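S.K.:
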Amino acid sequence: MIKKTILLLIFSVILTSCVPYKQLEELGIINTRGVDVTENNRVETTIIAYQFDAQNPQITTSTTGVGKTIKGARENAGYNTNFELSPGQIRLELYGKETAEEGILEYLSTLVRDARVSDTMLVAISNITANEVLTVGQEELNTDVGQIIQSLIEKEVKEYSIPKTSLQHFLHIEADIGQDPVAPIIGLRNNKPAIVGIGAFSNDRLVGELHIDQAFLINTFLTNVKGTPMEISLPREPFVDFIFNNETNSMQPDKLEDKEHLTILVRISKGKGDITLKNIDDLHFEANVHLEVDLYESSELLSVKNKKIAAILEEEIEKEFKRQYDVLLAKLQEIDSDPLGFGGIYRTKKKGERLTDTEWREKYPNITVDFNVNVDLMHYGTIQ
């Protein structure tokens, strides 16, 4: 029995020594990858990777490669390094603007087929080339630019300012008939990466850029939002009797000649929207949004001791949000993007044959929507 045990241990050692392995120092673990398509229709990939080298304190390195496929471009990028590039830890995939406009599904499908890639990987778009955002940002920051971009996106998602943007979430929405995905747009400000907008898609093609504030409007129909900070511009005229006049040191109407608006900073403590189809033949929808709001600050001193001004604030905020939703819908219909999911609502009510993407694309420009916004002002001070 003892002899058999010893023999088994010997064979185990021999077999283990035959298994190929890679030392950590021999690998470059890809953290971020940028994808662009060149003029001759070849794929250019920009890679930010962790390089574990005891002799080099700078563990983040960048390289580029070109090929007919993503894998070919990665292998080509490997010729510029003295280590093997491994895609096992990709946390961010950044697509150049022109690439995204042509469609990104083929690249996302490649990621899905790679068991080493997590479905929580973030998807983002650049308003220039992905190569420029990553290389310029890397040089300017002298640190892991991919990690910086990831942190920017994760912060906004956590605050519900933008919708979730993981690989799994993007593909799930893209596959649904009657709804389109969105993704954050990354640009450079003072040569540093920043979220500069939100990309609206039609299926897997980028078709338009929305203001970052419009991402929140979309998100209210995708999830329960909470803790979202937001600046809102309101007409000044309804508040003139409640503005503290510095000249007279009292609550008196101020002059309106050079000021038409005041700005308030609020926190959306709770928010949720829902959509119903009111008339299937007329393609008429109703969208209701309820927001609980905390007032934090205003551009001018306001006295909110009187309940009257609280009611005015609620009414004016409701009007402003309704206006923003109307503007958003008009823009989305113009570019043929449906991130709010009106098509999905229509699909569940439609009888007969299943709704096709082509059929909904024909109907979408003709839908009408009544947006109803209800705002409850929850917390505010005596003078803001």
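With positions in the sequence shown counted from 1, the corresponding number in my numbering is that position plus 128. Note that the Cβ used here is the ideal one computed from N, Cα and C, for glycine as well. Remember, predicted model here, so these are calculated numbers, not experimental data.
Quick check on the DSSP output: the beta strand (DSSP E) that includes Ser279 runs from which residue to which?
M.R.: To locate residue 279, count along the sequence shown from 1; it is residue 151. Note, Ser279: premise wrong, no beta strand (DSSP E); alpha helix (DSSP H) at 273-286.
S.K.: What three-state label does DSSP hand Leu295 in the structure shown?
M.R.: Position 167 of the sequence shown holds residue 295. The answer is helix: DSSP assigns Leu295 an H, G or I state.
S.K.: Counting only the same chain and skipping the five closest in sequence on each side, list residues whose C-beta sits under 6 Å from that of Asp272.
M.R.: Start at 1 with the first residue of the sequence shown, and residue 272 comes out as number 144. Excluding residues within five positions, the ones whose Cβ falls inside 6 Å are Thr188.
S.K.: Closest to Glu487 by C-alpha separation, out of Asp504, Leu429, Ile281, Ile305, would be which residue?
M.R.: Looking up residue 487 in the sequence shown gives position 359. Among Asp504, Leu429, Ile281, Ile305, the Cα nearest to that of Glu487 is on Ile305.
S.K.: Can you tell me which of Ile445, Val503, Asp409, Ile218 puts its alpha carbon nearest to the alpha carbon of Asn494?
M.R.: As a first step, residue 494 must be located in the sequence shown, where it is residue number 366. Nearest option by C-alpha distance: Asp409.
S.K.: I need the DSSP call for Tyr149, collapsed to helix, strand or coil.
M.R.: Here residue 149 refers to the residue found at position 21 when the sequence shown is read from its first residue. With a pLDDT of 43 at Tyr149, under the threshold of 50, the modelled position of this residue cannot be trusted, and the question is left open.
S.K.: Using the beta-carbon count (16 or more within 10 Å), is Leu429 buried or exposed?
M.R.: Against the sequence shown, residue 429 aligns to sequence position 301. By the neighbour-count rule (16 or more Cβ atoms within 10 Å), Leu429 is not buried but exposed.
S.K.: Could you tell me whether the Cβ atoms of Thr356 and Tyr288 are closer together than 8 Å?
M.R.: Locating residue 356 in the sequence shown gives position 228, where the first residue counts as 1. Locating residue 288 in the sequence shown gives position 160, where the first residue counts as 1. Taking 8 Å as the Cβ cut-off, Thr356 and Tyr288 qualify as a contacting pair.
S.K.: Which residues bound the beta strand (DSSP E) around Lys398?
M.R.: Numbered from its first residue, the sequence shown carries residue 398 at position 270. Start and end: 389-407.
S.K.: Give me, in chain order, the residues of the same chain whose beta-carbon lies closer than 8 Å to that of Asn347; leave out the 5 immediate sequence neighbours on both sides.
M.R.: As a working mapping, residue 347 is identified with position 219 in the sequence shown. Counting only Cβ-Cβ distances below 8 Å, and skipping sequence neighbours, we find Tyr288, Ser289, Ile290, Pro291, Val353.
S.K.: What do you reckon, are the CB atoms on Ile340 and Gly325 nearer than 8 Å?
M.R.: What you label residue 340 is simply residue 212 of the sequence shown in a count that begins at 1. What you label residue 325 is simply residue 197 of the sequence shown in a count that begins at 1. A contact, by the Cβ cut-off of 8 Å.
S.K.: Expressed to the nearest angstrom, what Euclidean distance is found between the alpha-carbon atoms of Ala243 and Ile396?
M.R.: By one-based count along the sequence shown, residue 243 stands at place 115. By one-based count along the sequence shown, residue 396 stands at place 268. As the crow flies, the alpha-carbon of Ala243 is around 39 Å from that of Ile396.
S.K.: Is it true that the CB of Tyr474 sits closer than 8 Å to the CB of Leu483?
M.R.: As a first step, residue 483 is located in the sequence shown; it is residue number 355 there, counting from the start. As a first step, residue 474 is located in the sequence shown; it is residue number 346 there, counting from the start. Result yes, Cβ atoms of Leu483 and Tyr474 sit closer than 8 Å.
S.K.: For Phe329 versus Ser465, is the C-beta distance shorter than 8 Å?
M.R.: For the purposes of this step, residue 329 is taken as the residue at position 201 of the sequence shown. For the purposes of this step, residue 465 is taken as the residue at position 337 of the sequence shown. Yes, they are a contact pair.
S.K.: Keeping to the same chain, check which residues put their C-beta closer than 8 Å to that of Met249; ignore five residues upstream and five downstream.
M.R.: Translated into positions along the sequence shown, residue 249 becomes position 121. Closer than 8 Å at Cβ, skipping near neighbours: Ile218, Arg219, Leu220, Glu221, Leu239, Ser294, Leu295.
S.K.: Compare the C-alpha of Phe372 against each of Asp504, Ser427, Thr404 and name the closest.
M.R.: Here residue 372 refers to the residue found at position 244 of the sequence shown. When each option's Cα is compared against that of Phe372, the closest is Ser427.
S.K.: Can you find the residues in the same chain that come closer than 8 Å, C-beta to C-beta, to Glu337, ignoring five residues on each side of it along the sequence?
M.R.: As a working note, residue 337 is residue 209 in the sequence shown. Within the same chain, Glu337 has close Cβ partners Asn255, Ile313, Gly325, Ile326, Gly327, Ala328.
S.K.: According to the Cβ coordinates, are Gly265 and Asn159 closer than 8 Å?
M.R.: Residue mapping note: residue 265 aligns to position 137 of the sequence shown, counting from 1. Residue mapping note: residue 159 aligns to position 31 of the sequence shown, counting from 1. No, they are not a contact pair.
S.K.: Within 10 angstroms of the Cβ of Pro363, are there 16 or more other Cβ atoms? Answer buried if so, exposed if not.
M.R.: As a first step, residue 363 must be located in the sequence shown, where it is residue number 235. By the Cβ-count criterion, Pro363 is exposed, with fewer than 16 other Cβ atoms from all chains shown falling within 10 Å of its own Cβ.
S.K.: Per DSSP, which residues does Met358 bridge with? Please list them.
M.R.: As a first step, residue 358 is located in the sequence shown; it is residue number 230 there, counting from the start. Met358 is bridged to Val394.
S.K.: How far does the beta strand (DSSP E) with Ala311 in it reach, from first residue to last?
M.R.: For the purposes of this step, residue 311 is identified with residue 183 of the sequence shown, where counting begins at 1. Run containing Ala311: 310-317, per the beta strand (DSSP E) assignment.
S.K.: In chain order, what residues of the same chain lie with their CB nearer than 8 Å to the CB of Glu448, ignoring the 5 residues before and after it?
M.R.: By one-based count along the sequence shown, residue 448 stands at place 320. Its chain contains Ile360, Ser361, Leu362 as the residues whose beta carbon lies nearer than 8 Å to that of Glu448, once the 5 sequence neighbours on both sides are disregarded; these appear in chain order.
S.K.: Quick one: grab the DSSP three-state call for Val501.
M.R.: Stepping through the sequence shown from its first residue, residue 501 is reached at position 373. Note: Val501 maps to strand in three-state DSSP.
S.K.: Taking Glu284 as the reference, which of Glu446, Asp498, Ala322 has the closest Cα?
M.R.: Start at 1 with the first residue of the sequence shown, and residue 284 comes out as number 156. Checking every option, the nearest Cα to that of Glu284 belongs to Ala322.
S.K.: Taking the C-alpha atoms as reference points, what is the distance between Ile440 and Pro309?
M.R.: On the sequence shown, position 312 is the one that residue 440 refers to. On the sequence shown, position 181 is the one that residue 309 refers to. Those two C-alpha atoms are separated by around 36 Å.
S.K.: Measuring CB to CB, does Thr263 end up less than 8 Å from Thr174?
M.R.: The count along the sequence shown starts at 1 and reaches residue 263 at position 135. The count along the sequence shown starts at 1 and reaches residue 174 at position 46. Against a cut-off of 8 Å, the Cβ pair of Thr174 and Thr263 comes out as a contact.
S.K.: Here's the rule: buried if 16 or more other CB atoms are within 10 angstroms of the residue's CB, otherwise exposed. What is Ala415?
M.R.: On the sequence shown, position 287 is the one that residue 415 refers to. When all chains shown are included, Ala415 counts as buried.
S.K.: Taking only runs of the alpha helix (DSSP H) that begin and end inside the region 190-263, which ones reach a length of at least 4 residues, in chain order?
M.R.: 198-206, 225-230, 233-241
S.K.: Quick check on Lys478: does DSSP put it in helix, strand or coil?
M.R.: Counting from 1 along the sequence shown, the entry for residue 478 is found at position 350. Looking at Lys478 - three-state DSSP - the assignment turns out to be coil, as it is neither helix nor strand.
S.K.: Report the three-state DSSP secondary structure of His302 (helix, strand or coil).
M.R.: Counting from one through the sequence shown, the residue named residue 302 turns up at place 174. This sequence places Glu at residue 302; His is not what is there. Three-state result, Glu302: helix.
S.K.: What is the rounded straight-line gap between the Cα of Leu457 and the Cα of Thr197?
M.R.: The residue you call residue 457 lines up with position 329 of the sequence shown. The residue you call residue 197 lines up with position 69 of the sequence shown. For the pair Leu457 and Thr197, the Cα-to-Cα distance works out to about 37 Å.
S.K.: Can you list, in chain order, the residues of its chain whose CB lies under 8 Å from that of Gly463, leaving out five sequence neighbours each side?
M.R.: Your numbering for residue 463 matches position 335 in the sequence shown. The sequence given here places Ile at residue 463; Gly does not occur at that position. Taken in chain order, the residues that qualify are Ala328, Ser330, Val335, Gly336.
S.K.: In chain order, what residues of the same chain lie with their CB nearer than 6 Å to the CB of Ala228, ignoring the 5 residues before and after it?
M.R.: Residue 228 sits at position 100 when you count from the first residue of the sequence shown. Result list for Ala228: Ile253, Leu334, in chain order.
S.K.: Helix or strand or just coil, what does DSSP make of Ile187?
M.R.: Locating residue 187 in the sequence shown gives position 59, where the first residue counts as 1. Here Ile187 sits in coil by DSSP.
S.K.: I need the straight-line Cα distance from Lys478 to Leu405, nearest angstrom please.
M.R.: Translated into positions along the sequence shown, residue 478 becomes position 350. Translated into positions along the sequence shown, residue 405 becomes position 277. So the two alpha carbons sit approximately 10 Å from each other.
S.K.: Going by beta carbon distance, what residues of the same chain come within less than 7 Å of Lys491, once the five residues before and after it are set aside?
M.R.: Taking the first residue of the sequence shown as position 1, residue 491 is located at position 363. Contacts found: Leu411.
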